[in-house]
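**Q**
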């Protein structure tokens, strides 16, 4: 209580000192503000860019894909004391269903970490129209569940979002290639004796070349019969709440279901490592800007301690302890950081607004409240740390010498 | 046990050296024994370099003695840490320096309140009233809200005296308080010390070069080369 009340005095003295050295205070504030503005703007820019890239990537992908485990040759172990020579042909991975997928799917529905579970049956086929044919990937979906994985509705450019009863949705590139329009017929062949004619109900454009040229969305049942996998599914697509935990959750799910689980992080490793490198370079910028801000504050306060040597002596003689003097200068450092960061945040808001309004409009930069609070905390902490050395010097001044200092 | 009830201050075999352990080590005070009573009004005189200011700084707990003991209000001070010394200094001692030494960033009344603020935080209403009364006592009630750089030298020195008295100290230490004032202002300032000594009953120890000033005090302590050579009551 007593300490808190005395803090009022230390605060008052610090503020008076800052107000008296107005031009010095203003200059260092500008320095801190510029530093904080750079940090906030660059961080927001990179955050915006990265979330934009991830959004685009994950807009057309499941976060985790569950696949049946690879088929391997079971080799009998050699009896002890014998040498075994083995010539092995790796097995071809035929299209096959996930065992007990209904049970697995029901179990996964109960997992709180997963926000969507969608069984899918998928396999190769030819799409034929007249003499032209294209190789395609059939994707049999339960629409309601699949929409929670990929919001197909956003990508429909013609027709309707509809599968089942002989209806299919195809990508724009495939439609162009085969000259198909909504309402046209399309023959799908999966073998010499297995084929079907479907009606093009909708055309989508996911914006990924491979998918727009090859995906054909069908009803789950029809796909199962076309691929000769009655009642089976080949993939279970999953979505998680926090995309960056996908890898960890994938490992858990794999252990739980003994299926192969691929997270988007594993399948997009190049993208992820590029994003990591980008984050690292951002962090370097932040560290060096924070360092230069810290040295700026430290040097201004060092000069201030010299200028105020005599006043420090007077304060000591009128009852200030070393700790009080220490705190007076620490507070000044903290105020530099805090106030400077308030201006800096304002400036960065302006910069972001300019970018969002007049910039290339490729993506939108949001400034999160967390970022603002973190930047202000970082700046204030930097101010306090930077003030440590000059404050100690002020506190350790010999009052007798300080008072006589001209 | 010696009886300290009548003494504000008692020095026992007090020594002070500088540059300890270095080749140029010098002892400035060579074993000082001194008592200051509760209502004493004493002048400390002596030639330049005799150790007057050093003695005053040691008495004011701004500087630590090398050897010997200093009792302030009966308490031995040699074993106290900075925090305890600061508290005792704040409670028991008021300082007035030759150069009026106010904090330029604060107004006159804020300067007067500074010792209370440093000890207790935000000043209470009675404290502010007390500070106004002290400013009035030194004739500056109109300048309460004025910054020091708009006051004359004599006015600043009077603010400094009011500041020294705000904690109602038992001992007022003054280092050449009239040293850079003209004769007329110096006399006014000296009269203030006199008045506060009588009215508030605080002991005053005043370092001075000015023989007219020392004669006007009740007691003169003469320090030469770090030794007290004479200590006598002045005839009135």
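Chains as they are written, first to last, in my numbering: chain A, 915 to 1320; chain B, -1 to 234. C-beta: ideal position from N, C-alpha, C; glycine also.
1) Just verifying my parser: in three-state terms, what is the DSSP assignment at residue 1218(A)?
2) Beta-carbon of residue 118(B) versus every beta-carbon of chain A: anything under 8 Å?
3) At least one CB of chain B closer than 8 Å to the CB of residue 1178(A): is that the case?
4) Taking only beta-carbon positions, decide if residue 87(B) is within less than 8 Å of chain A.
5) Given this structure, state the Cα-to-Cα distance separating residue 1261(A) from residue 1253(A), to the nearest angstrom.
6) So, with DSSP's three-state summary, where would you put residue 961(A)?
7) Among 1175(A), 1097(A), 1180(A), 1317(A), which one has its Cα closest to the Cα of residue 1075(A)?
8) By DSSP, does residue -1(B) sit in helix, in strand, or in coil?
9) By alpha-carbon positions, which one of 1310(A), 1149(A), 1250(A) ends up nearest to residue 1018(A)?
10) Using a Cβ-Cβ distance cut-off of 8 Å, determine whether residue 940(A) contacts chain B.
11) Report the start-end ranges of each beta strand (DSSP E) in the stretch 111 to 142 of chain B that is 3 residues or longer and not cut off at the edges.
12) Assuming residue 200(B) contacts residue 169(B) under a Cβ cut-off of 8 Å, what Cβ separation, rounded to an integer in Å, is found between them?
13) Let me confirm a value: residue 1069(A) is counted as buried when at least 16 other C-beta atoms fall within 10 Å, else exposed. Which label applies?
14) Does the distance from the C-beta atom of residue 1052(A) to that of residue 1125(A) stay below 8 Å?
15) Which of the three DSSP states, helix, strand or coil, is assigned to residue 1058(A)?
16) For the pair the stretch 50 to 65 of chain B and the stretch 1190 to 1206 of chain A, tell me if three or more CB-CB distances fall below 8 Å.
17) Just checking my contact of residue 1165(A) with residue 956(A) at CB under 8 Å: how many whole Å lie between their CB atoms?
18) Tell me the rounded alpha-carbon separation between residue 11(B) and residue 226(B).
19) Kindly confirm or deny that the stretch 1044 to 1060 of chain A and the stretch 1084 to 1100 of chain A touch, where touching means at least three C-beta pairs closer than 8 Å.
20) Counting C-beta neighbours from all protein chains within 10 Å, is the total for residue 196(B) 16 or more, i.e. buried, or is it exposed?
21) Smallest Cα separation from residue 103(B): which of 67(B), 120(B), 137(B), 148(B)?
22) Per the DSSP calculation, residue 933(A) is bridged to which residue(s)?
23) Residues of the stretch 1224 to 1238 of chain A in Cβ contact with chain B at a cutoff of 9 Å, in chain order, please.
24) Could you work out which residues of chain A lie near residue 30(B), taking near to mean beta carbons separated by less than 7 Å?
25) In the DSSP assignment, find the alpha helix (DSSP H) that holds residue 182(B) and state where it starts and stops.
26) Go through the stretch 1127 to 1208 of chain A residue by residue and report every complete run of the alpha helix (DSSP H) that reaches 4 residues or more, in order.
27) So which residues on chain B does residue 1242(A) lean against when the C-beta distance must stay under 8 Å?
28) Do the stretch 213 to 228 of chain B and the stretch 47 to 55 of chain B meet, that is, are 3 or more Cβ pairs less than 8 Å apart?
29) Confirm, please, whether the CB-CB distance from residue 152(B) to residue 282(B) is below 8 Å.
30) Based on the DSSP output, what are the partners of residue 10(B) in its beta bridges?
31) Do residue 1293(A) and residue 1251(A) have their CB atoms nearer than 8 Å?
32) Cutting at 8 Å between CB atoms, please list the residues of its own chain near residue 1296(A), excluding the five before and the five after it.
33) Three-state secondary structure (DSSP) at residue 976(A)?
34) Considering only the beta carbon of each residue, do residue 1308(A) and residue 1201(A) sit closer than 8 Å?
35) Would you call the stretch 1261 to 1272 of chain A in contact with the stretch 941 to 952 of chain A, where contact means no fewer than 3 C-beta pairs closer than 8 Å?
**A** Working from what's here:
1) helix
2) yes
3) no
4) yes
5) 13 Å
6) helix
7) 1097(A)
8) The predicted model places residue -1(B) with a pLDDT of 38, which falls under 50 and marks its position as unreliable; any figure quoted below should be read in that light. Residue state, collapsed to three classes: coil.
9) 1149(A)
10) no
11) none
12) 7 Å
13) buried
14) no
15) helix
16) no
17) In fact, because the Cβ distance is near 33 Å, the residues do not count as touching under 8 Å.
18) 11 Å
19) yes
20) exposed
21) 148(B)
22) Looking at the DSSP assignment, residue 933(A) forms no beta bridge with any residue, so it has no partner.
23) 1224, 1225, 1227, 1228, 1229, 1230, 1231, 1232, 1233, 1234, 1235, 1236, 1237, 1238
24) Those within 7 Å of residue 30(B) in chain A number zero; the least Cβ separation is about 17 Å.
25) 181 to 197
26) 1134 to 1140, 1160 to 1171, 1178 to 1181
27) Within 8 Å Cβ-Cβ: nothing; residue 1242(A) doesn't reach chain B, min ~10 Å.
28) yes
29) Within the shown structure, residues of chain B are numbered from -1 to 234, placing residue 282(B) beyond reach of any answer.
30) 67(B)
31) yes
32) 1204, 1207, 1208, 1211, 1251
33) coil
34) no
35) yes
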